[in-house]
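Asks:
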Amino acid sequence: MNEWDTRILLSDLAASLFARGFSVGSAGNISARLPDGYLMTPTNSSLGRLDPARLSKLGMDFRHIDGDKPSKEVFMHRAFYQARDDAGAVVHLHSTHATAVSCLPDVDASNPIPPLTPYFVMRIGRRMPVVRYYRPGDAAMEPAINAAARDARAVLLANHGPVVSGKTLIDAVYAAEELEEAAKLFLLVRGQSPRCLNASQVDDLLTMFG
Ligand SMILES: [Zn+2]
Numbered sequence: 006m007n008e009w010d011t012r013i014l015l016s017d018l019a020a021s022l023f024a025r026g027f028s029v030g031s032a033g034n035i036s037a038r039l040p041d042g043y044l045m046t047p048t049n050s051s052l053g054r055l056d057p058a059r060l061s062k063l064g065m066d067f068r069h070i071d072g073d074k075p076s077k078e079v080f081m082h083r084a085f086y087q088a089r090d091d092a093g094a095v096v097h098l099h100s101t102h103a104t105a106v107s108c109l110p111d112v113d114a115s116n117p118i119p120p121l122t123p124y125f126v127m128r129i130g131r132r133m134p135v136v137r138y139y140r141p142g143d144a145a146m147e148p149a150i151n152a153a154a155r156d157a158r159a160v161l162l163a164n165h166g167p168v169v170s171g172k173t174l175i176d177a178v179y180a181a182e183e184l185e186e187a188a189k190l191f192l193l194v195r196g197q198s199p200r201c202l203n204a205s206q207v208d209d210l211l212t213m214f215g
């Protein structure tokens, strides 16, 4: 896919997420890896109204080289790209249910959402750890995300929201959507002793689709 097609796809997917309530106001940001750098949603932009021609273009070293100024949360994306060679795109949302789970004190911080459905396992993988709370803009958040992302395709930032990677833009967006649905299901069945997929069922999925 050439850069212009990637710009159009990123803007279209962002508008779709916004239209369905996965993002409100100027919350959330999306990036994609290019052969010569990265595309990133601009600072203070709404996912509902991105101009493909004005997306921020960053060089291989993440310096801003073209378009509007990048999101202040660009370091979350850099943490994933530098941790994972397989990350072709990164989506960060403040989506309601995933963020609600990120505020629960009594979940397993190494894997707060259990494998309730195969689709969560297929999109997110074996585990999605919680990264402890950091004040927005705190420089210590980047190495913490980088460390957690080394063996997880997605992380949940405590009292903030999810950061999700995928091989492609479509993969990353679908994974962020599946995570939000999984968080909603988890909150619906929480306290009711739900039947989760067992370890061999999870292994089987990851062998087939991981
Ligand atoms: Zn955020």
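For the sequence shown, the numbering used here begins at 6 and goes up steadily by one.
We put the beta carbon where it would ideally sit given N, CA and C, even for glycine.
Out of Leu202, Ala188, Pro141, Asp111, which one is the CA nearest neighbour of Gly33?
Replies: Here the closest residue by C-alpha is Pro141.
Asks: Excluding the five sequence neighbours on either side, which residues of its own chain have a C-beta within less than 8 Å of the C-beta of Ile70, listed in chain order?
Replies: If we look at Ile70 and ignore the five residues flanking it on each side, its Cβ neighbours are Gly42, Lys62, Leu63, Gly64.
Asks: Evaluate Asp176 with the Cβ neighbour count: other Cβ atoms within 10 Å of its Cβ, from every protein chain shown; 16 or more gives buried, anything less gives exposed.
Replies: Buried, by the Cβ-count rule.
Asks: Residues bridged to Arg38 by DSSP?
Replies: Answer is Tyr43.
Asks: Closest to Leu281 by C-alpha separation, out of Glu147, Trp9, Gly26, would be which residue?
Replies: Because the chain is modelled from 6 through 215, residue 281 falls outside the range shown and cannot be assessed.
Asks: Rounded to whole angstroms, what's the CA-CA distance from His165 to Asn203? Just pull it up for me.
Replies: Rounded to the nearest angstrom, the two C-alpha atoms are 29 Å apart.
Asks: Touching or not, the segment 183 to 199 and the segment 94 to 109, by the rule of three or more beta carbon pairs under 8 Å?
Replies: Short answer: they touch.
Asks: Return helix, strand or coil for His165, following the three-state DSSP convention.
Replies: It is coil, neither helix nor strand.
Asks: Within the present structure, is the beta-carbon of Glu185 separated from the nearest heavy atom of ligand 1 by less than 6 Å?
Replies: Outside the cutoff, so no.
Asks: Is there at least one non-hydrogen atom of ligand 1 closer than 6 Å to the beta-carbon of Glu147?
Replies: Every heavy atom of ligand 1 is 6 Å or more from the Cβ of Glu147, so no.
Asks: If you measure from the CB of Glu78, is any heavy atom of ligand 1 nearer than 6 Å?
Replies: Yes, the beta carbon of Glu78 sits closer than 6 Å to at least one heavy atom of ligand 1.
Asks: Check the C-beta distance from Gly171 over to Ala180 and give it rounded, since I have them as a contact under 8 Å.
Replies: With a Cβ gap of about 5 Å, Gly171 and Ala180 count as contacting.
Asks: Which of helix, strand or coil does DSSP assign to Lys2?
Replies: Past the boundaries of the shown model lies residue 2; the chain is included only from 6 to 215, so the question cannot be answered.
Asks: Taking DSSP's pairing of strands, which residues face Lys62 in a bridge?
Replies: The partner list for Lys62 (beta bridge, DSSP) reads Leu44, Asp71.
Asks: I need the boundaries of the beta strand (DSSP E) containing Ala94, first residue and last residue.
Replies: Residues 94 to 97.
Asks: Quick test of the definition: if touching needs 3 or more C-beta pairs under 8 Å, does the segment 53 to 62 touch the segment 11 to 21?
Replies: These segments touch.
Asks: Short check: CB of Ala88 to CB of Arg155, under 7 Å?
Replies: The answer is yes: Cβ separation under 7 Å.
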